[in-house]
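K.L.:
Structure provided below as C-alpha cells; questions to follow.
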Amino acid sequence: GQQLNQSPQSMFIQEGEDVSMNCTSSSIFNTWLWYKQDPGEGPVLLIALYKAGELTSNGRLTAQFGITRKDSFLNISASIPSDVGIYFCAGPQGGSEKLVFGKGMKLTVNP
Amino acid sequence: DTAVSQTPKYLVTQMGNDKSIKCEQNLGHDTMYWYKQDSKKFLKIMFSYNNKELIINETVPNRFSPKSPDKAHLNLHINSLELGDSAVYFCASSQGYAKNIQYFGAGTRLSVL
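Heads up: the sequence lines are chains A and B, in that order. Residue numbering for the first sequence follows our numbering, starting at 1 and increasing by one per position. Residue numbering for the second sequence follows our numbering, starting at 1 and increasing by one per position.
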C-alpha cells in the first residue's frame, strides 16, 4: 500500500522559533491532512488540503499541498510551549476513506 | 460534550484474557473506525463501519472482532489477548461526504502482562 515518509522525525527548538516539516509519498494523493497529537490524547485535525498547490493557514500554522501531489509541508511560526506534541501527515489510500499516516514528527519546545 | 468517547482509558490485563473497548460518537457521523498505535507511535487502521456495515477490515487477527450495534457505537472485542496486542487503540468517526476528515477519541491504552 501507499506509504508516507515524514521528516524530520523529531525537533528540539526554542520558543519563538519557526518549524518546518514535510511528508512525501511514492504515489499521488488527492487529499493531504495534518494532525497533531498531544500526550495522552487522540490526533486532532489541524489542516486539510484538497488541491495541488493549495496553501492554507490555521493561525500560526501554514500547510501546502505540493504541486506534484506527492508531498505536503507544514510550517509553524513563532512556536510556543503548547505546540509540543507529535505532528502527523495523513492521506486517503487509493482515494478511499482508509487513511494512511506518516510516522510522526515529535516537537519539543523549550521555553 | 466529548465528540468521540472511548472507555476505558486504561486497560491492564493478563495474557489469554478477553476484553472489550467501547466507543461512542455524538457527532451524528455514519462511519466509525478503529486504529492501533504502536509503541513507536505508528497509527494504522484496523476496521471501519458505515451504518453498522463492515467496510474496511485490514489484516487483523480474527481474535479482534468489532461490533456496531448502531451507527453511533463501535465496540472492539479482543479474545485471547497476547503480549503484542499492547498498544493504544483509537476510535474515530467521519461523515459520508467528508470521510477523510476523521475525528479521534482520546484512546485506550491496553497493556497485556
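We treat Cβ as the ideally placed atom computed from N, Cα and C, and that holds for glycine.
#1: Please state if the CB of B/N17 and the CB of B/L81 are separated by a distance shorter than 8 Å.
#2: Out of B/F42, B/Q102, B/S65, B/D70, which one is the CA nearest neighbour of B/K19?
#3: Got a sec, what are the start and stop residues for the beta strand (DSSP E) A/G91 sits in?
#4: Identify the residues that DSSP records as bridge partners of A/L99: which are they?
#5: Whole angstroms are fine: how far does the CA of A/L4 sit from the CA of A/R69?
#6: So A/D18 and A/I76 are supposed to be a Cβ contact under 8 Å. How far apart are they, rounded?
#7: Could you run through the region 72-99 of chain B and flag, in chain order, every residue whose CB is less than 7 Å away from some CB of chain A?
#8: For B/Y33, which of B/K22, B/K41, B/S39, B/F42 has the nearest alpha-carbon?
#9: Is the CB-CB distance between A/S79 and A/E15 below 8 Å?
#10: Could you name the residues of the region 26-58 of chain B whose beta carbon sits closer than 9 Å to any beta carbon of chain A, in the order they occur along the chain?
#11: Can you tell which of B/G96, B/F90, B/G84, B/N100 has its C-alpha closest to the C-alpha of B/V112?
#12: Take B/E58 as the anchor and find which of A/Q93, A/D71, A/F88, A/N30 has the nearest alpha-carbon.
#13: Give every residue of the same chain whose Cβ lies closer than 7 Å to the Cβ of B/D38, excluding the five residues on either side of it in the sequence, and list them in chain order.
#14: Output yes or no for whether 8 Å exceeds the beta carbon distance between A/E54 and B/N100.
#15: Which residues mark the beginning and the end of the beta strand (DSSP E) in which B/L110 is found?
P.N.:
The structure says:
#1: Here B/L81 is near B/N17, since their CB atoms are less than 8 Å apart.
#2: B/S65
#3: 85-92
#4: Answer is A/P92, bridged to A/L99.
#5: 12 Å
#6: Rounded, the Cβ-Cβ distance is 7 Å, consistent with contact.
#7: F90, S94, K99
#8: Among B/K22, B/K41, B/S39, B/F42, the Cα nearest to that of B/Y33 is on B/K22.
#9: yes
#10: Answer set for the region 26-58 of chain B: T31, Y33, Y35, Q37, K40, K41, F42, L43, K44, I45, S48, N50, I55, I56, E58.
#11: B/G84
#12: A/Q93
#13: A87
#14: A distance of 8 Å or more separates the beta carbons of A/E54 and B/N100.
#15: 108-112
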